[in-house]
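In UniProt numbering, the protein residues as written are 1 to 1156.
In this text, a Cβ means the ideal position worked out from N, Cα and C, and glycines have one as well.
Following: one structure in structure tokens, then a few remarks.
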């Protein structure tokens, strides 16, 4: 402490300086020059004091002892002998001095570590000080969590207007010391919206952060890398997995994607437990294959459905992809709860890096990983669900008898069957509800998941175990899956790290025979389950099966799925990294079907007495090995130029082994394996090999985080093509401009982000077997002997199917993230589209895969998210997705089309016509119902053959329009030439609407999906109201009670008549309906307990309860069971057909989630 009175030469006038005074003066001047007029040190330096009956001077000396501060004052001016008591706990020096000299005539000035005390001439009051001073630093504590109650590690808490900040620990907890003027805390976390909280007089402040829909800081996983969302140049959609997992239990990942991303159309192709959904990214691109996207899990492309053969069951399923049958695909083996993020690559710029397999888009799935320096965190969730399936209203036994008696009496057919109907001997005397007999009531489902994650300074880990068990609506159906996941990363040194990813799962899907859905409501209600001899009853006409007996058949599909990878990454030099990895994807499948003796006889499914029985056994093993070497160079120059270069060499090899066998003639139902069959009806065993080598490059550059360029190229060589056409190059380029960074928008405060992007590029498709270009033979039976037949004609001119795509988009965030969105336009033209054509031959029908033409897709996409209300206790946000896609088959090669532009060699179930959309419904144009015989007679008279439609057409029958004849003009006769396009399965637009209300710990979420403008052929309705001899003895829906009669001419249902002499059930516009709908897909109510409550429990870190309902409500004019239905038995070409699929059930779920 420097008492200035001792340096007298500075305060008295003297011209005599001794050496000591000279040195003292120089030292003082030097000291003063070193002073900076600021109080940074005194404000930031905190000390603790506890002195009793001490003078002010003693207090100052104690401060000097505990700090680097020096005090300067003129002793003669200041009285520092006043005695006081002082206690301070971790308080800044400046705060102590302010309290010490408050209301006194002493003022102080700080110059970094020097403090000068002087008399305040403007306040010449007598120096007074409190005899007792107690000062304590005020602190605030609390916990930062997300909306689901999960603690956020590493969140930043800043005192507004200062640089004082802290961050949360592993449990989301924080403590911050406040300044005197602190009024507001600012909390930030990557991927969440910033939140400002007024402190007031609170000492504990818990904060709940909402996810940031703008996602500007969100890290998006792309092919072979990650980028911030604001730096994206391509069209990439991301899925909020936390929201999906918290809202409703979803066993299959693909079903969870419905309505989540613009341009991605997901339909539930089947309500069967574990069934795959149908996913189309920006429309139907290919005519061949499943049109499913490429799935990449933790960097590994997985085996898709087209690579897995489906055993040829008695029902004729051979050759259809698993998603078309409603069977679980390999992607269904990934537990949704194990997924950290999903990125959907939609445009060519984003997808071209996957080259020959990216034409249908790419879905990148990243499983959960651990965190360095984090204590183990246990997350446990359990949900239980029950289902309530929709049923059809069908006739009871009395109604069934009356209706079929009317039908036969109106018909002209006379045989033993019609005679027995008319005399009543045909009908039984019971009344059975078959849907009640084959359904288990309200089937239950259970999902249990446990996740453990954490890490040390050098190693991080995440492991998860999942058990999913789902009962089906129909007896004998269900889905069980057991999954395990382990991710491990270790930093050996500052330049070397390695890691591994392992996913294991075993699933067993028990499915019902495809006919049980139809039989459950069409089988005769006048028959009991068993006859008097204890055998299952059956309807003798066309061996119609008893649904209870049919439910005893066994149809199982079990899968062992293994996905593993190991990588090592080395920093070769500054900015240059090398990564090498090896990955294995193994898939072992076993599909087995057995029909007991009482359900199968003489090559027909039937029920009744003793029969033959039937078994089918298919086994597959597919193993894929992938070797990759990556070189990444990243460079920042002058903080303006940022560039990244990527080079990858990849080699993939896939080996497949398939075995299938069929047999009949079983001695009993206990020995049910194929080897026990006395008669072999077929089988085969074969192996395939496939290889893909790839050379990949990508260059990213941006200037000042404002202008972005991405160039990508991939050269693929595939063994699926002949030598001359084996290689293809897939380039792309993309540009992005962040207009919000420009000076001309700097005053537009309402704009947070505004980015314009465009891209162009080429992708490919090879979703077919490994020997598509070769001539193939198969085994068969001829004359009771084994034979070899031609199954595929070779085509060594087979070329790559490629898609050229252009994309234009705008991403924006307005009003501090309150309104965010994406808009996009795209066109995609597929050249040399691949297709399988069929041609007859002497040894039977053979197929050929060829390039038959070109297709085009174009569309618009819109995604909006808006925060309507947001405060400390309540928030409300909404989301809207609108997508529109139009496609067209623009060209068919001359060799594969007829003179009318239709594709030839197509086996049916749909049409392909040059210049028309894919997915058209083709048939006759109905013009209502004939109301009188005079109209029919007039048309017959005008016809050159005397018959306009059919010879026995009568009032109550449908009338069809005469469009044209052999000469191109109407000829007065209804023939095949009078068919036209009567519908389109494509929707005009589709999407979703979401809403989230949050009040304190409560969250109420609703999620709607919709589709507008798509048509659906109600094949089931035509059958269920028709009395053709094909459907003899079948039960009907209750709407037939309102069928046309002379007294009920206003009905839209044709007359009841056995034999259907007018062919009313032919494909016509009468049974094509607008299938537009809006569906409440999910409603969820959850409650997350606050930290205040959880602090009472030592080990519980988070706890939430939930209730949800799925498929709760649907608004549609479609008369069938489900407007979302699609034809499972064919491909996209004929998808607009409702075949009475396995019903989609309402699901009610309760659940609990606990974090330890």
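Going residue by residue through the segment 894-973, where are the continuous beta strand (DSSP E) segments of at least 3 residues, counting only ones entirely within it? 920-924, 926-929, 958-960
Please go through the segment 749-773 and give each complete alpha helix (DSSP H) segment of 4 or more residues, from N-terminal end onward. Note on the segment 749-773: there is no whole alpha helix (DSSP H) run with a minimum of 4 residues.
So for residue 380, helix, strand or coil by DSSP? Reading the chain shown from its first residue, position 380 is the one you call residue 380. Reduced to three states, the DSSP call for residue 380 is strand.
Can you give the Cα-Cα distance for residue 109 and residue 73, rounded to whole angstroms? Residue numbering aside, residue 109 sits at position 109 when the chain shown is read from its first letter. Residue numbering aside, residue 73 sits at position 73 when the chain shown is read from its first letter. If you take the alpha carbons of residue 109 and residue 73, they lie about 11 Å apart.
Can you find the residues in the same chain that come closer than 6 Å, C-beta to C-beta, to residue 1149, ignoring five residues on each side of it along the sequence? Walking along the chain shown from the start, residue 1149 turns up at place 1149. Residues of the same chain with a CB within less than 6 Å of the CB of residue 1149, apart from the 5 flanking positions on each side, are 249, 383, 385, 1108 in chain order.
Pairwise C-alpha distance: residue 711 and residue 854: Numbered from 1 along the chain shown, position 854 holds the residue referred to as residue 854. Numbered from 1 along the chain shown, position 711 holds the residue referred to as residue 711. Roughly 26 Å between the two C-alpha positions.
Stretch pair the segment 508-523 + the segment 546-562: three plus CB contacts closer than 8 Å: These segments touch.
Through-space distance from residue 930 to residue 361, alpha-carbon basis: For this step, residue 361 is matched to residue 361 along the chain shown. For this step, residue 930 is matched to residue 930 along the chain shown. Using only the alpha carbons, I get a separation of about 50 Å.
Using three-state DSSP, classify residue 800 as helix, strand or coil. The residue labelled residue 800 in the question sits at position 800 within the chain shown. Three-state result, residue 800: coil.
Close-in-space but distant-in-sequence residues of the same chain around residue 578 (CB under 6 Å, 5 per side omitted): Numbered from its first residue, the chain shown carries residue 578 at position 578. If we look at residue 578 and ignore the five residues flanking it on each side, its Cβ neighbours are 570, 572, 631.
In whole angstroms, what separates the C-alpha of residue 172 from that of residue 145? Residue 172 sits at position 172 when you count from the first residue of the chain shown. Residue 145 sits at position 145 when you count from the first residue of the chain shown. Between residue 172 and residue 145, the C-alpha separation is close to 7 Å.
Tell me, please, whether the segment 1031-1046 touches the segment 918-925 by the rule of three or more beta-carbon pairs shorter than 8 Å. Contact between the segment 1031-1046 and the segment 918-925 is absent: fewer than 3 CB-CB pairs across the two stretches fall below 8 Å.
Less than 8 Å between C-beta atoms, sequence neighbours within five positions excluded: which residues of the same chain meet that for residue 1143? Sequence index remark: in the chain shown, residue 1143 carries index 1143 (1-based). Counting only Cβ-Cβ distances below 8 Å, and skipping sequence neighbours, we find 271, 389, 390, 391, 473, 517, 1121, 1122.
Looking at the secondary structure, which residues open and close the beta strand (DSSP E) in which residue 348 lies? Sequence index remark: in the chain shown, residue 348 carries index 348 (1-based). Premise fails: residue 348 lies in the alpha helix (DSSP H), 348-351, not in any beta strand (DSSP E).
When the distance is taken between beta carbons, is residue 186 closer than 8 Å to residue 158? On the chain shown, position 158 is the one that residue 158 refers to. On the chain shown, position 186 is the one that residue 186 refers to. Yes.
What do you get for residue 174, buried or exposed, if any count of 16 or more other CB atoms within 10 angstroms of its CB means buried? As a first step, residue 174 must be located in the chain shown, where it is residue number 174. Buried, since its Cβ has 16 or more Cβ neighbours within 10 Å.
Proximity below 8 Å, CB of residue 234 to CB of residue 656: Within the chain shown, residue 234 is the residue found at index 234, counting from 1. Within the chain shown, residue 656 is the residue found at index 656, counting from 1. For residue 234 and residue 656, no; Cβs fall outside 8 Å.
Residue 523 lies in the beta strand (DSSP E); which residues open and close that run? If you number the chain shown from 1, residue 523 lands on position 523. No beta strand (DSSP E) contains residue 523, which DSSP labels as neither H nor E.
Leaving out five residues before and five after residue 884 in sequence, what residues of the same chain have Cβ atoms less than 6 Å from its Cβ? To locate residue 884, count along the chain shown from 1; it is residue 884. Same-chain partners within the cutoff: 859, 860, 989.
Any contact of the segment 609-629 with the segment 661-671, i.e. 3+ C-beta pairs under 8 Å? yes
Give the C-beta separation of residue 466 and residue 510 to the nearest angstrom, bearing in mind that I take them to be a contact with Cβ-Cβ under 8 Å. Position 466 of the chain shown, counting from 1, holds the residue named residue 466. Position 510 of the chain shown, counting from 1, holds the residue named residue 510. With 8 Å as the limit, residue 466 and residue 510 do not qualify as a contact, their Cβ atoms being about 19 Å apart.
Going straight from the alpha carbon of residue 835 to that of residue 1062, what length do you get? Numbered from 1 along the chain shown, position 835 holds the residue referred to as residue 835. Numbered from 1 along the chain shown, position 1062 holds the residue referred to as residue 1062. Looking at the two C-alpha atoms, the distance is approximately 36 Å.
With a CB to CB cut of under 8 Å and the five nearest residues on each side skipped, what residues in its chain are close to residue 244? To locate residue 244, count along the chain shown from 1; it is residue 244. Taken in chain order, the residues that qualify are 250, 256, 260, 336.
Give the straight-line distance between the Cα atoms of residue 560 and residue 332, rounded to the nearest whole angstrom. Position 560 of the chain shown, counted from the start, is the residue given in the question as residue 560. Position 332 of the chain shown, counted from the start, is the residue given in the question as residue 332. Rounded to whole angstroms, residue 560 and residue 332 show a C-alpha spacing of 11 Å.
Any C-beta of chain C under 8 Å from that of residue 633: Absent from the structure: chain C. Only one protein chain is present.
Which value, in whole angstroms, describes the spacing of the CA atoms of residue 223 and residue 346? Taking the chain shown and counting its residues from 1, one reaches residue 223 at position 223. Taking the chain shown and counting its residues from 1, one reaches residue 346 at position 346. Whole-angstrom Cα-Cα distance: 12 Å.
Determine whether the beta carbon atoms of residue 1032 and residue 417 lie at a separation below 8 Å. Mapped onto the chain shown, residue 1032 falls at position 1032. Mapped onto the chain shown, residue 417 falls at position 417. Going by C-beta atoms, residue 1032 is nearer than 8 Å to residue 417.
From the DSSP output, read off the bridge partner residues of residue 590. One-based indexing of the chain shown puts residue 590 at position 590. According to DSSP, which records beta bridges pairwise, residue 590 is partnered with 558, 619.
What first and last residue would you give for the alpha helix (DSSP H) that runs through residue 399? Here residue 399 corresponds to residue number 399 of the chain shown, with the count starting at 1. Its alpha helix (DSSP H) spans residues 397-410.
Using DSSP with H/G/I as helix, E/B as strand and the rest coil, what is residue 434? Taking the chain shown and counting its residues from 1, one reaches residue 434 at position 434. For residue 434, the three-state secondary structure derived from DSSP is helix.
Mind checking which residues open and close the beta strand (DSSP E) that includes residue 341? What you label residue 341 is simply residue 341 of the chain shown in a count that begins at 1. Note, residue 341: beta strand (DSSP E), 339-345.
Could you tell me the alpha carbon to alpha carbon distance between residue 118 and residue 85, rounded to whole angstroms? Indexing the chain shown from 1 puts residue 118 at position 118. Indexing the chain shown from 1 puts residue 85 at position 85. One alpha carbon belongs to residue 118, the other to residue 85, and they sit about 23 Å apart.
So, helix, strand or coil for residue 70, using DSSP? Here the question's residue 70 lines up with position 70 in the chain shown. Strand at residue 70.
Can at least three beta-carbon pairs, one atom from the segment 1086-1105 and one from the segment 994-1009, be found at a separation below 8 Å? yes
Going by other Cβ atoms of all chains shown within 10 Å of its Cβ, with 16 needed for buried, is residue 946 buried or exposed? As a position in the chain shown, residue 946 is number 946, starting the count at 1. The residue is exposed, with fewer than 16 neighbouring Cβ atoms inside 10 Å.
Helix, strand or coil: which one does DSSP assign to residue 518? As a working note, residue 518 is residue 518 in the chain shown. Residue state, collapsed to three classes: helix.
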